[in-house]
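Residue numbers (my numbering), protein chains in the order written: chain A, 3 to 393; chain B, 15 to 697.
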């Protein structure tokens, strides 16, 4: 049995075992160990093995593995947007374990938890979707549409968002005026081209995630608000809510936030407190942040009731929460992660559409996708500060 | 009108100027007091002329600005606490003059005429000088009387264009320029803002000078804010902007620090932020912020600077950027008056200013009633009690959703701190909430009961307040039921409300006392049993009848009362047990043929408890007609009284030989009510 075949077979067995046993169960761990052992052998021959799962074929490097024609797990992985899998030696065992856990979760239909999209070290395992352009297979390794020119740098906004987070962390106070001014300035940026465009930031370094994500969600939420023809005050309120939706993360201990490996149950519980903590921080404001607090609290709750936190009093999530939820997940998917490249805008939109009516409000998804496709050519990845042109 | 800055310890009005102003004041006073030609007038005039001659030795002109309490002379304002100078300012201000200019060469006759005119009070009926024609104002060659074009200082430069064409803003600008350039002897340059700025930059530190400049800036700010758009306003805006841009930052800081207090700095920015060019607004903001010794975050200043750049770049988002910048500055500055300016409190200022924005009004949580419920649900779920929760709860109370609110508090998530729920109840269980619910009980009927049950005696006061003014019988009844359920402990709360209260309050409180199982020991309803208003008497007597110790007295009073309802109440009590002392009064009442038959019937039924021969005799006598010569006695015609008599006879004397024939006659009657009464049935 060839090493790639052996390895994929072991992966398939591990995935099948995972459907029977809970995480941490010895049987499950044994199957992961077996897959890891197969990978180790594979890496001895090929330090950078690469697999593609395309239309029922499993391609290893340039070679189609005929033994795995219509391999069940290949089809299933492809369906959950894992169409390419790359390894680079050495691969640590714990990293491989996390990878397998993530595969299991994706195959089980569990959505990407944007709260866990945290700072991490670079990974030796990369996986994600691919697209075929003009007959040429090309890995999708960019954060979205083409990077257009921009005449409105967001250095000041980013700096202010960073400062806001620091203020909340160190003084427990929330400088609301600065937050609102950032939103106003982002709104100005969105119209600096003469027609609406979305100055979305592309993550350059993982420790920028909180900041860039906050800015992007604010921009997306405002853009969607405008697309839905909401009033200017409401659009700005959506922008503020988008900017603040993950504010509770400032309460998460740094070592958990930057932990490279999988979370323990206790750590996951801490991570999942951020909607509650964010809501509390925002409710502490004297007035005017109720909507942002509601959104911070509800933005991980799915349409079908899944997600977290669980609401004690049964109710529908606020429309703004549903709106920000879509923007939040979309931006998270389009963001580089240590173990996978950012999804393309189109693939992320497809994912969001797939989850419409289950995780997301269908009407909002429809409007969001229409807007993103309509404006995708204007979607801009911001240059980093050093390279960014001054205003 | 704001007060002009007075001379302080660093800058005094020169002695020569002070003495001159005092002499001028004396001369005016004398001209008002003495008739023309009086020797005192001559000496006063000479004194003024002498001082003026000294002053005009090194000046071509002496200009005196006039405000309500102060004079401004050579950039220095007089002390408003100085009674002589204040009186002089007031006198000239009453003449509606903005300024007085004295030129070299003034003659005694000329000044004498001026003093005579100015000393004449407008109270005498003469037209104030400031309102007279230009011809009259300009008739003196060496004394110029400048009308008051506005209620602040305005020393109009003779080179300035006429107000009709340039407007008040232009005048203010010229006045500012004149004040800034005072002593330079270069009035031609006064319209050039760069020149004015250079002069202000050049001046040594002088608090009074700074205050004068800032006073004009404040006035200009007000004027620019309210002036209609036009070339003149645009010109002034531009000049002020250039001035602010040309002032050295440290000079602008100093002007705002020494020339204005916090509220003035705030006002200046509020007035100018919407109208001045954005760069000038930022200059002012920085300076005012420094003067306030506050720290606007570096981040905020950077974004504001960026927005200003965007405005100046005049790109597609210029309008958005401009609006954002001006709004943010106004928001920021609005908070400055709300707290002490200290770095530690800056966050609190920012906190508050967020409330001052009108923007919140169009947020969904402000408008959608469901959002209040959502905020309460969220707050309970996260266990956060604060202003946002209280506001949402208040909105729910106002919208009569109290029962929903109580449901939430009754079913908190597991692990919710009892102190949190208690805090919520403390906020909810208030007199305001009870009052609100009582007023609109129909819309939220469950809410009030649940709230009252929860509150217990704490709800007594608001309910008593509601009862005091309840004019609906149904509302009163419900309140009485709920209040009486609180038991005897309520009594001491009720008694103080009786004294000196309007009749309806007394009525309601007595009604409440009547429902309590026992009365307070020190309370007697007797004083109210003689009340002129029958409604109060009725409740008082009702209380008396309920009380065994006062029952007999109460019945006696009720049977003697002219009020039909009180009488019926007494008769009803008598029918249960008639005290002996009431029998006489009762019989008198029964013999009164003018009484309402229904009342008499009620009285007859009350006789049921009195089985005496005299009562039987009275009943038989009133049941039968008098027998005639050829006629036997017959049953009286049917009436309420007859029916009542038959009922009493049938129930108490059915077997009495004297009664039997009467009952037989009745049983043979064609009237079913009469027959029924004879059988003892109550009809």
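For every residue, glycine included, the Cβ atom is placed at its ideal position computed from N, Cα and C.
(request) Note down the Cα distance separating residue 42 (chain B) from residue 29 (chain B), rounded to an integer number of angstroms. (result) Taking the first residue of the second chain as position 1, residue 42 (chain B) is located at position 28. Taking the first residue of the second chain as position 1, residue 29 (chain B) is located at position 15. Rounded to whole angstroms, residue 42 (chain B) to residue 29 (chain B) spans 20 Å at the Cα level.
(request) Please list the partners that residue 313 (chain A) has in chain B, where partner means a Cβ-to-Cβ separation under 9 Å. (result) Indexing the first chain from 1 puts residue 313 (chain A) at position 311. Correct list: 391, 392 and 395.
(message) Output needed for residue 332 (chain B): all residues of its chain with C-beta closer than 8 Å, excluding positions within five of it in sequence on either side, in chain order.
(response) Position 318 of the second chain holds residue 332 (chain B). Apart from sequence neighbours up to five positions away, the residues of its chain that approach residue 332 (chain B) with a beta-carbon distance below 8 Å are 324 and 325, ordered along the chain.
(request) Would you check if the distance between the CB atom of residue 266 (chain B) and the CB atom of residue 310 (chain B) is smaller than 8 Å? (result) Start at 1 with the first residue of the second chain, and residue 266 (chain B) comes out as number 252. Start at 1 with the first residue of the second chain, and residue 310 (chain B) comes out as number 296. The Cβ-Cβ distance between residue 266 (chain B) and residue 310 (chain B) does not fall below 8 Å.
(request) For residue 377 (chain A), decide whether its Cβ has a neighbour in chain B, counting only Cβ atoms nearer than 8 Å. (result) Taking the first chain and counting its residues from 1, the one referred to as residue 377 (chain A) is at position 375. Closer than 8 Å to the CB of residue 377 (chain A) there is not a single CB belonging to chain B.
(message) With a threshold of 8 Å between beta carbons, is residue 361 (chain A) in contact with chain B?
(response) Within the first chain, the letter at position 359 stands for residue 361 (chain A). No, residue 361 (chain A) does not count as interfacial toward chain B.
(request) Using 10 angstroms around the beta-carbon of residue 327 (chain A), count the other beta-carbons present and answer buried if the total reaches 16, otherwise exposed. (result) What you label residue 327 (chain A) is simply residue 325 of the first chain in a count that begins at 1. Counting Cβ neighbours within 10 Å, residue 327 (chain A) comes out buried, since at least 16 surround it.
(request) Report yes or no: do the segment 302-315 of chain A and the segment 186-204 of chain A share at least 3 C-beta pairs separated by less than 8 Å? (result) Not touching, per the Cβ criterion.
(request) Taking 8 Å as the cut-off, decide whether the C-beta atoms of residue 258 (chain B) and residue 210 (chain B) are in contact. (result) Mapped onto the second chain, residue 258 (chain B) falls at position 244. Mapped onto the second chain, residue 210 (chain B) falls at position 196. For residue 258 (chain B) and residue 210 (chain B), no; Cβs fall outside 8 Å.
(request) Keeping to the same chain, check which residues put their C-beta closer than 7 Å to that of residue 297 (chain B); ignore five residues upstream and five downstream. (result) Mapped onto the second chain, residue 297 (chain B) falls at position 283. So the list reads 258, 259 and 266, once near-sequence residues are dropped.
(message) When you compare the CB of residue 93 (chain A) with every CB in chain B, is at least one pair closer than 8 Å?
(response) Looking up residue 93 (chain A) in the first chain gives position 91. Cβ-Cβ to chain B under 8 Å: no for residue 93 (chain A).
(message) With three or more C-beta pairs closer than 8 Å as the rule, is the segment 334-343 of chain B touching the segment 287-295 of chain B?
(response) yes
(message) Just to confirm, is the Cβ distance from residue 198 (chain A) to residue 228 (chain A) under 8 Å?
(response) Taking the first chain and counting its residues from 1, the one referred to as residue 198 (chain A) is at position 196. Taking the first chain and counting its residues from 1, the one referred to as residue 228 (chain A) is at position 226. In this structure, residue 228 (chain A) lies closer than 8 Å to residue 198 (chain A) by Cβ.
(request) Leaving out five residues on either side along the sequence, give the residues of the same chain with a beta carbon under 6 Å from the beta carbon of residue 523 (chain B). (result) The residue given as residue 523 (chain B) occupies position 509 in the second chain. So the list reads 508, 511 and 512, once near-sequence residues are dropped.
(request) Could you confirm whether any beta carbon from chain A is found closer than 8 Å to the beta carbon of residue 524 (chain B)? (result) As a working note, residue 524 (chain B) is residue 510 in the second chain. Residue 524 (chain B) does not count as touching chain A.
(message) Let me check understanding here. Comparing Cα to Cα, which of B:46, B:533 and B:44 lies closest to residue 564 (chain B)?
(response) Counting from one through the second chain, the residue named residue 564 (chain B) turns up at place 550. Nearest option by C-alpha distance: B:533.
(request) Please determine if the segment 82-94 of chain A and the segment 47-55 of chain A are in contact, where contact requires at least 3 C-beta pairs separated by less than 8 Å. (result) yes
(message) Could you tell me the alpha carbon to alpha carbon distance between residue 332 (chain A) and residue 351 (chain A), rounded to whole angstroms?
(response) Here residue 332 (chain A) corresponds to residue number 330 of the first chain, with the count starting at 1. Here residue 351 (chain A) corresponds to residue number 349 of the first chain, with the count starting at 1. Rounded to whole angstroms, residue 332 (chain A) to residue 351 (chain A) spans 7 Å at the Cα level.
(message) I'd like to know if the segment 162-171 of chain A and the segment 245-252 of chain A are in contact, where contact means that at least 3 CB-CB pairs between them fall below 8 Å.
(response) yes
(request) Under 7 Å between beta-carbons, which chain A residues line up against residue 427 (chain B)? List them in chain order, please. (result) On the second chain, position 413 is the one that residue 427 (chain B) refers to. Simply 314.
(message) Quick check on this structure: which residue in B:400, B:394, B:387 and B:425 has the alpha carbon closest to the alpha carbon of residue 409 (chain B)?
(response) Looking up residue 409 (chain B) in the second chain gives position 395. The shortest C-alpha separation from residue 409 (chain B) is found at B:387.
(request) Use the C-beta contact count for residue 306 (chain A): other C-beta atoms within 10 angstroms, 16 or more gives buried, fewer gives exposed. (result) Taking the first residue of the first chain as 1, we reach residue 306 (chain A) at position 304. That one is exposed.
(request) Quickly, what does DSSP pair residue 59 (chain A) with across the bridge? List them, please. (result) The residue you call residue 59 (chain A) lines up with position 57 of the first chain. According to DSSP, which records beta bridges pairwise, residue 59 (chain A) is partnered with A:56.
(request) Quick one: measure Cβ to Cβ for residue 694 (chain B) and residue 672 (chain B), integer angstroms, because I've assumed they're closer than 8 Å. (result) As a position in the second chain, residue 694 (chain B) is number 680, starting the count at 1. As a position in the second chain, residue 672 (chain B) is number 658, starting the count at 1. Actually they are not in contact, since the Cβ atoms of residue 694 (chain B) and residue 672 (chain B) sit about 17 Å apart, beyond 8 Å.
(request) Please list the residues of the segment 314-330 of chain B that have a C-beta atom closer than 9 Å to any C-beta atom in chain A, keeping them in chain order. (result) 314, 316, 317, 318, 319, 320, 321, 323, 324, 327, 329 and 330
(request) Check each residue of the segment 70-102 of chain A: if its Cβ is closer than 9 Å to any Cβ of chain B, include it; give the result in chain order. (result) Here the close residues number zero.
(message) According to DSSP, residue 115 (chain B) sits in a beta bridge with which residue or residues?
(response) In the second chain, the residue the question calls residue 115 (chain B) occupies position 101. DSSP output for residue 115 (chain B) lists B:77 and B:158 as bridge partner(s).
(message) Check for me: the alpha helix (DSSP H) holding residue 227 (chain B) runs from which residue to which?
(response) If you number the second chain from 1, residue 227 (chain B) lands on position 213. Element bounds for residue 227 (chain B): 221-240.
(request) Assign residue 483 (chain B) to buried or exposed, taking buried as 16 or more other Cβ atoms, counted over all protein chains shown, within 10 Å of its Cβ. (result) Stepping through the second chain from its first residue, residue 483 (chain B) is reached at position 469. That one is exposed.
(request) Kindly indicate if chain A contains any beta-carbon less than 8 Å away from that of residue 415 (chain B). (result) Translated into the one-based positions of the second chain, residue 415 (chain B) becomes position 401. For residue 415 (chain B), the answer is no, since every Cβ of chain A falls outside 8 Å of its Cβ.
(request) Please report how far the alpha carbon of residue 645 (chain B) lies from the alpha carbon of residue 660 (chain B), in whole angstroms. (result) By 1-based counting over the second chain, the position of residue 645 (chain B) is 631. By 1-based counting over the second chain, the position of residue 660 (chain B) is 646. Approximately 22 Å, taken between the alpha carbons.
(message) Can you list, in chain order, the residues of its chain with a C-beta nearer than 8 Å to that of residue 98 (chain A)? Leave out the 5 residues immediately preceding and following it.
(response) In the first chain, counting from the first residue as 1, residue 98 (chain A) sits at position 96. Once the five neighbours on either side are set aside, the close Cβ partners of residue 98 (chain A) are 34, 37, 38, 41 and 127.
(message) Count Cβ pairs between the segment 457-464 of chain B and the segment 436-444 of chain B that sit closer than 8 Å; are there 3 or more?
(response) no
(message) Out of B:320, B:575 and B:583, which one is the CA nearest neighbour of residue 155 (chain A)?
(response) Locating residue 155 (chain A) in the first chain gives position 153, where the first residue counts as 1. Relative to residue 155 (chain A), the option among B:320, B:575 and B:583 whose CA is nearest is B:320.
(request) Just mark residue 475 (chain B) as buried or exposed, buried being the case when its beta carbon has 16 or more other beta carbons within 10 Å. (result) Against the second chain, residue 475 (chain B) aligns to sequence position 461. So residue 475 (chain B) ends up on the exposed side.
(request) May I have the straight-line CA-CA distance separating residue 690 (chain B) from residue 607 (chain B), to the nearest angstrom? (result) Indexing the second chain from 1 puts residue 690 (chain B) at position 676. Indexing the second chain from 1 puts residue 607 (chain B) at position 593. In a straight line, the C-alpha of residue 690 (chain B) is about 25 Å away from that of residue 607 (chain B).
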